[in-house]
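**Q** Numbering (the numbering used here), first residue to last: 18 to 451.
Glycine included, each C-beta is placed from N, C-alpha and C at the ideal position.
Note that this is a predicted model, so its numbers are computed, not measured.
Here it is, the structure in full.
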Amino acid sequence: MMKLWGGRFSKELTSQTESFTESIEVDSRMILHDIWGSEAHAIMLAKQDIISLEDLRQILKWLERAKEEYQRGKFALKPELEDVHMNVETYLIEGAGREYGGKLHTARSRNDQVLVDARLYIREQILKSEELLCALSEEFIKIARRYPDAVMPGYTHTQHAQPITLGFWATGYVSMFLRDLRRLRNAYEIVNTNPLGACALAGTSFPTDRELTTWLLGFDSTHQHALDVISSRDFIAETLCALAILGSNLSRLAEEIVYWSTHEFGMIELDDAYALGSSIMPQKKNPCIAELIRGRTGHIYGALMGLLTTLKGLPMGYNRDLQEDKPPLWNAFDIIQSELSILADMLPTITFKRDRMEELAGANFSTATELANFLVAHRGLSFRECHEIVGWVVGELTRRGLNFTDLNETIKLLEERGVELSIEELRQVIDPRY
């Protein structure tokens with residue numbers, strides 16, 4: 018098949034070359050976006066009297082037919098046509114004729130065309146990711162409202178630190194996700210600029226109206242430097258960076274789900290619909306969803322590192338290396354969106370074991386800081402003095418196999434250090450609900 022760019026060549030490509038260079042699978046996500054971009058470009062050409070109104074009518078008629086065929090599942094991309102752009106333009110030319118369809122690519126290159134398609138698609142996926150992240154955040158808000166006073170242990174270094182509430186823990190993730198939303202919004206703003214009109218790399222001598230295509234395609238602004246916009250894929254790197262950090266935060270949540278569901282912690286019970294079993298051990302109930310979320314984070318990190326590695330040695334201008342910019346981002350979007358979706362569905366089904374959480378909250382001297390604070394506030398000692406005294410008491414109780422709940426022993430040890438406390442005062446201070 019003769020290529021639309023084939024005038025300079027005397028031989029057809031080998032099937033191996035076609036197979037090696039085509040991007041059909043990746044481009045299949047951008048068919049509608051390519052059509053939308055082409056329609057906006059054609060309208061601009063007619064408005065600027067670069068093509069006639071009849072040219073525009075024929076072009077739009079066949080582009081709309083291509084759109085209808087795609088929506089019916091009838092518009093299949095042909096690998097021998099290399100990419101989505103050549104497929105759409107070939108369909109147009111075969112339908113409208115070269116005298117009409119052949120005019121669409123006036124004042125345009127595939128270099129700016131692919132950037133339009135990608136930016137239109139990416140901004141959709143950012144919005145979808147934001148929507149899913151908001152839905153997950155709402156589930157955490159529901160947990161916080163349901164368990165505002167459910168006491169649980171807070172950890173540092175994975176050791177008991179201080180008592181907190183389940184609601185406090187849940188809103189911690191909401192706070193974290195708000196930053197993720199800001200990062201996605203920042204990426205959206207960088208993505209949503211119009212590259213159309215940059216052409217191959219140096220603009221065009223045709224009197225185009227770039228502000229019109231910016232308006233028609235819903236871009237926030239028009240990119241002002243043709244060489245820069247054609248050469249750069251930092252908008253993809255920016256998006257991947259936001260997704261990588263979000264993936265890291267979801268992985269941290271997954272880690273907590275994994276160890277909270279262990280027999281040793283026993284703070285949550287996963288619903289049977291969101292856990293898997295073992296082929297040999299009948300008793301197993303494995304948190305495989307959380308483990309896969311934790312594991313797939315590496316794919317998102319790899320996508321970011323892979324893109325940055327691709328970009329690091331490229332000179333200004335378009336290079337075919339840039340064809341490899343989209344697969345890692347597409348994969349990262351798929352992973353993040355599937356994780357957000359299943360977490361939002363799974364979270365409401367988790368059983369939080371309040372009694373076990375409260376038991377753990379009062380264990381292992383997690384109220385020691387409050388005891389020190391109480392002595393500072395009510396016994397006139399410096400915090401460092403109180404820190405040392407309480408630390409010594411903890412050490413003595415530990416060596417004797419006791420805890421703060423052994424009230425009489427705790428009071429005796431405090432008295433040895435010159436501190437007097439009543440049973441009621443101590444009971445109140447060491448209560449994790451205090």
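Which residue comes first and which comes last in the alpha helix (DSSP H) that contains HIS174?
**A** The residue labelled residue 174 in the question sits at position 157 within the sequence shown. Note, HIS174: premise wrong, no alpha helix (DSSP H); not H, not E.
**Q** For PHE37, count neighbouring C-beta atoms within 10 Å of its own C-beta (all shown protein chains included) and say buried if the count is 16 or more, exposed if not.
**A** Here residue 37 corresponds to residue number 20 of the sequence shown, with the count starting at 1. Classification of PHE37: exposed, given that the 10 Å Cβ count is below 16.
**Q** Based on the DSSP secondary-structure assignment, which residues constitute the bridge partners of GLN179?
**A** Along the sequence shown, one-based indexing puts residue 179 at 162. Paired residue(s): GLY171.
**Q** Please state the DSSP three-state secondary structure of PHE26.
**A** Reading the sequence shown from its first residue, position 9 is the one you call residue 26. Correct three-state label for PHE26: coil.
**Q** Report buried or exposed for ASN425, applying the criterion of at least 16 other Cβ atoms within 10 angstroms of its Cβ.
**A** Along the sequence shown, one-based indexing puts residue 425 at 408. ASN425 comes out exposed.
**Q** Taking the alpha-carbon of ILE428 as reference, which of ASP100, LEU388 and GLY315 has the nearest alpha-carbon?
**A** As a first step, residue 428 is located in the sequence shown; it is residue number 411 there, counting from the start. Checking every option, the nearest Cα to that of ILE428 belongs to LEU388.
**Q** Can you check DSSP and say which residues form a bridge with PHE369?
**A** Taking the first residue of the sequence shown as position 1, residue 369 is located at position 352. BP columns for PHE369 point to ILE285.
**Q** Can HIS58 and LEU213 be called in contact, C-beta distance under 8 Å?
**A** Counted from its first residue, the sequence shown places residue 58 at position 41. Counted from its first residue, the sequence shown places residue 213 at position 196. Yes, the Cβ-Cβ distance between HIS58 and LEU213 is below 8 Å.
**Q** What residue range does the alpha helix (DSSP H) around CYS258 cover?
**A** Along the sequence shown, read from residue 1 onward, the residue named residue 258 stands at position 241. Start and end: 251-277.
**Q** Compute the Euclidean distance between the alpha carbons of ILE181 and LEU357, then round it to the nearest angstrom.
**A** Locating residue 181 in the sequence shown gives position 164, counting from the first residue. Locating residue 357 in the sequence shown gives position 340, counting from the first residue. Roughly 26 Å between the two C-alpha positions.
**Q** According to DSSP, is ASN211 helix, strand or coil?
**A** As a position in the sequence shown, residue 211 is number 194, starting the count at 1. Looking at ASN211 - three-state DSSP - the assignment turns out to be strand.
**Q** Could you tell me whether the Cβ atoms of LEU324 and ASP351 are closer together than 8 Å?
**A** In the sequence shown, residue 324 corresponds to position 307, counting from 1. In the sequence shown, residue 351 corresponds to position 334, counting from 1. No.
**Q** DSSP on THR123, reduced to helix/strand/coil?
**A** In the sequence shown, the residue the question calls residue 123 occupies position 106. Coil.
**Q** Rounding to the nearest angstrom, what Cα-Cα distance links ILE359 and GLN445 in this structure?
**A** Your numbering for residue 359 matches position 342 in the sequence shown. Your numbering for residue 445 matches position 428 in the sequence shown. Going from the Cα of ILE359 to the Cα of GLN445 covers about 42 Å.
**Q** I need the straight-line Cα distance from PRO332 to SER248, nearest angstrom please.
**A** As a first step, residue 332 is located in the sequence shown; it is residue number 315 there, counting from the start. As a first step, residue 248 is located in the sequence shown; it is residue number 231 there, counting from the start. Approximately 8 Å between the Cα atoms of the pair.
**Q** Out of ARG127, SER55, ALA204 and PHE92, state which residue places its alpha-carbon closest to the alpha-carbon of GLY220.
**A** Numbered from 1 along the sequence shown, position 203 holds the residue referred to as residue 220. With distances taken between CA atoms, GLY220 lies nearest to ARG127 out of ARG127, SER55, ALA204 and PHE92.
**Q** Please determine, among PHE391, ILE139, ALA124 and GLU106, the residue with the shortest C-alpha to C-alpha distance to ARG202.
**A** The residue labelled residue 202 in the question sits at position 185 within the sequence shown. Nearest in C-alpha terms to ARG202, of all of PHE391, ILE139, ALA124 and GLU106, is ILE139.
**Q** Report the three-state DSSP secondary structure of THR239 (helix, strand or coil).
**A** Along the sequence shown, one-based indexing puts residue 239 at 222. Strand, per DSSP.
**Q** Would you tell me roughly how many angstroms separate the C-alpha atoms of LEU77 and ILE41, rounded to the nearest one?
**A** Indexing the sequence shown from 1 puts residue 77 at position 60. Indexing the sequence shown from 1 puts residue 41 at position 24. Each residue's alpha carbon lies about 23 Å from the other.
**Q** Taking the continuous alpha helix (DSSP H) assigned at LYS343, which residues delimit it?
**A** Within the sequence shown, the letter at position 326 stands for residue 343. 343-363 is the extent of the alpha helix (DSSP H) around LYS343.
**Q** To the nearest angstrom, how far is it from the Cα of ALA394 to the Cα of THR422?
**A** Taking the first residue of the sequence shown as position 1, residue 394 is located at position 377. Taking the first residue of the sequence shown as position 1, residue 422 is located at position 405. If I take the Cα positions, the gap works out to 22 Å.
**Q** DSSP three-state label for ASN336, please.
**A** By 1-based counting over the sequence shown, the position of residue 336 is 319. Three-state result, ASN336: coil.
**Q** What's the call for ASN336, buried or exposed, on a 16-neighbour Cβ count within 10 Å?
**A** Translated into the one-based positions of the sequence shown, residue 336 becomes position 319. Within 10 angstroms of the beta-carbon of ASN336 lie fewer than 16 other beta-carbons, which makes it exposed.
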